[in-house]
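Shown next, in structure tokens, is the structure this report addresses.
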Amino acid sequence: MVITPKLTFDRGTLILHPPPHGNVWIDYAVWDDRVEKFRVPAIKYRPLLEALQASKTEVTDDAKDFYPIDLVASLEMEPYIHQTEALAAWKLAAGQGVVVLPTAAGKTYLAQMVMQVASCTTLIVVPTLDLMHQWYAHLLAAFPDAEVGLLGGGSRDKTPILIASYDSAAIYAESIGNKYGLIIFDECHHLPTDFNRVIAEYSIAPYRLGLSATLERTDGKHADLNILVGKEVYHKKAENLLGKVLADYEILTIKVSLSKLEWKKYNQLIQVRNDFLKESKIFLGSIKGWQKFVQMSAQSQTGRRAMLAHRE
Numbered sequence: 014m015v016i017t018p019k020l021t022f023d024r025g026t027l028i029l030h031p032p033p034h035g036n037v038w039i040d041y042a043v044w045d046d047r048v049e050k051f052r053v054p055a056i057k058y059r060p061l062l063e064a065l066q067a068s069k070t071e072v073t074d075d076a077k078d079f080y081p082i083d084l085v086a087s088l089e090m091e092p093y094i095h096q097t098e099a100l101a102a103w104k105l106a107a108g109q110g111v112v113v114l115p116t117a118a119g120k121t122y123l124a125q126m127v128m129q130v131a132s133c134t135t136l137i138v139v140p141t142l143d144l145m146h147q148w149y150a151h152l153l154a155a156f157p158d159a160e161v162g163l164l165g166g167g168s169r170d171k172t173p174i175l176i177a178s179y180d181s182a183a184i185y186a187e188s189i190g191n192k193y194g195l196i197i198f199d200e201c202h203h204l205p206t207d208f209n210r211v212i213a214e215y216s217i218a219p220y221r222l223g224l225s226a227t228l229e230r231t232d233g234k235h236a237d238l239n240i241l242v243g244k245e246v247y248h249k250k251a252e253n254l255l256g257k258v259l260a261d262y263e264i265l266t267i268k269v270s271l272s273k274l275e276w277k278k279y280n281q282l283i284q285v286r287n288d289f290l291k292e293s294k295i296f297l298g299s300i301k302g303w304q305k306f307v308q309m310s311a312q313s314q315t316g317r318r319a320m321l322a323h324r325e
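Just so we're aligned, residue 14 is where the sequence shown starts under this note's numbering, counting upward by one.
As structure tokens, this is what we get:
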């Protein structure tokens, strides 16, 4: 009696048993002595199935727990040209990739468009609770008939559309990794850390979208997004959208008078900021310098104090 190989999800990995005939799956699998079966990284779910299907190797897919959903939008607008182009580029990349757009260029609406194309259970991962609630409000308005939930900030919903903080998504990655066919990483430069990257690695999601205005990381790990999410498929700079999508602007210098006490406080705050900039080898005289400051300020208490001092 021939037993059809079965693919199952197990705590952020895949188990392939019994081993299929042929060797197209060999490069994806590692033998696990503990269970005496072959394991495959969850992130390899899609290429593994594509390889098996291409070789006409039969396999029972018991790994996926994601499913199609009907997303009828009540909040629809005429997309900007760059949003249409970004969506087309993502589709051309087979539904995997990173889109880089400046702040206020409509990344959330682009994500809504992607969700309607994928039409399956979706996980959206965001860096802050404020952003989590902003996404929640937008998606409730966009898809009033859909079930939208939260993971983080005291919430632990189990819904077809789930918005999670990076921290919470990483903590529960082993249990939710097979439940979403599309995963959207907002501010995706936060993903390639040792802690956060498991969200992508433990997920079988065949469709992936990364969104960011500042993709580069000082540690160079943004290159890992090619594996975790997909290659950069579309990029527009702020200057390309000025006067069309983004309001044009001019820089004005306004001088103010400070008291002795205010000058003292100002100099103290500037010193806190500048000490951090010097230690981190950051020069603020460029856009990349500012981006580097924003990124590094989120990575330590010293950095956060420097950013708070700068803003005060």
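C-beta atoms are modelled at their ideal positions from N, C-alpha and C, and glycine is treated no differently. None of these values were measured; they are calculated from a predicted model.
### Task
Decide yes or no for the touch test of the region 89-98 against the region 135-154: beta carbon pairs closer than 8 Å, at least 3 of them.
In short, these stretches do not touch, since the Cβ pair count stays below three.
#### Entry: Residue environment, Met145, which counts as buried when at least 16 other CB atoms sit within 10 Å
Buried: at least 16 other Cβ atoms inside 10 Å.
### Limits of the unbroken alpha helix (DSSP H) element including Thr97
Looking at the DSSP string, the run of the alpha helix (DSSP H) that includes Thr97 is 94-105.
### Query
Just the Cα atoms here: how many angstroms apart are Tyr93 and Leu228?
Going from the Cα of Tyr93 to the Cα of Leu228 covers about 22 Å.
### Query
Taking one C-beta from the region 121-137 and one from the region 273-282 each time, how about it: are there three or more such pairs within less than 8 Å?
The region 273-282 and the region 121-137 do not touch, with fewer than three beta-carbon pairs separated by less than 8 Å.
#### Entry: Assigned exposure category for Pro88 - 16 Cβ within 10 Å defines buried
Looking at the sequence shown, residue 88 is not Pro but Leu. Exposed.
### Task
Compute the distance between the beta-carbons of Trp148 and Thr172, then report whether it is under 8 Å.
Not closer than 8 Å, so no.
### Message
Which same chain residues end up closer than 7 Å to Leu153 when comparing Cβ atoms and leaving out the 5 residues on each side of it in sequence?
### Response
Cβ contact annotation for Leu153 (same chain, cutoff 7 Å, sequence separation greater than five): Val161, in chain order.
#### Entry: For Tyr247 and Ala186, the rounded distance between their alpha carbons
In this structure, the alpha-carbon of Ala186 lies about 28 Å from that of Tyr247.
### Task
For Val111, count neighbouring C-beta atoms within 10 Å of its own C-beta (all shown protein chains included) and say buried if the count is 16 or more, exposed if not.
Result: buried.
### Continuous beta strand (DSSP E) stretch holding Phe22: start and end
Segment 19-23, the beta strand (DSSP E) holding Phe22.
### Query
So which of Ser313, Gln308, Glu245, Ala213 has the shortest CA-CA distance to Ala106?
It is Glu245.
### Same chain, Cβ closer than 8 Å to Val37, five either side skipped, listed in chain order
Counting only Cβ-Cβ distances below 8 Å, and skipping sequence neighbours, we find Ala64, Leu65, Ala67, Ser68, Thr70.
### Task
Determine the closest residue to Asn239 out of Cys201, Tyr215, Lys250, with distance taken between C-alpha atoms.
Ranking Cys201, Tyr215, Lys250 by Cα distance to Asn239 puts Cys201 first.
### Query
Terminal residues of the continuous beta strand (DSSP E) containing Asp288?
Under the DSSP assignment, Asp288 falls outside any beta strand (DSSP E), being part of the alpha helix (DSSP H) whose first and last residues are 273-293.
### Message
For Ser178, list the residues DSSP reports as bridge partners.
### Response
Val139, per the DSSP bridge assignment.
### Query
In the structure shown, what three-state DSSP assignment does Gln331 receive?
There is simply no residue 331 to check, as the chain begins at 14 and stops at 325 in what is shown.
### Task
Look up Val53 in the DSSP assignment and say whether it is helix, strand or coil.
Strand at Val53.
### Task
Starting from Thr73, follow its DSSP beta bridges and name the residues at the other end.
The partner list for Thr73 (beta bridge, DSSP) reads Lys19.
### Message
With H, G and I counted as helix, E and B as strand and the rest as coil, what does DSSP make of Arg210?
### Response
Look at Arg210 here: in three-state DSSP terms it is coil, with no helix or strand label.
### Task
Return the CA-CA distance between Ile176 and Phe51, expressed in angstroms with no decimal places.
Looking at the two C-alpha atoms, the distance is approximately 32 Å.
### Task
Would you identify the three-state DSSP class for Tyr58, choosing helix, strand or coil?
Tyr58: helix per DSSP, three-state reduction.
### Task
Output yes or no for whether 8 Å exceeds the beta carbon distance between Tyr193 and Ala213.
No. Outside cutoff.
#### Entry: Those residues which DSSP pairs with Val111 across a bridge
Residue pairing by DSSP puts Val111 in a beta bridge opposite Gly223, Glu245.
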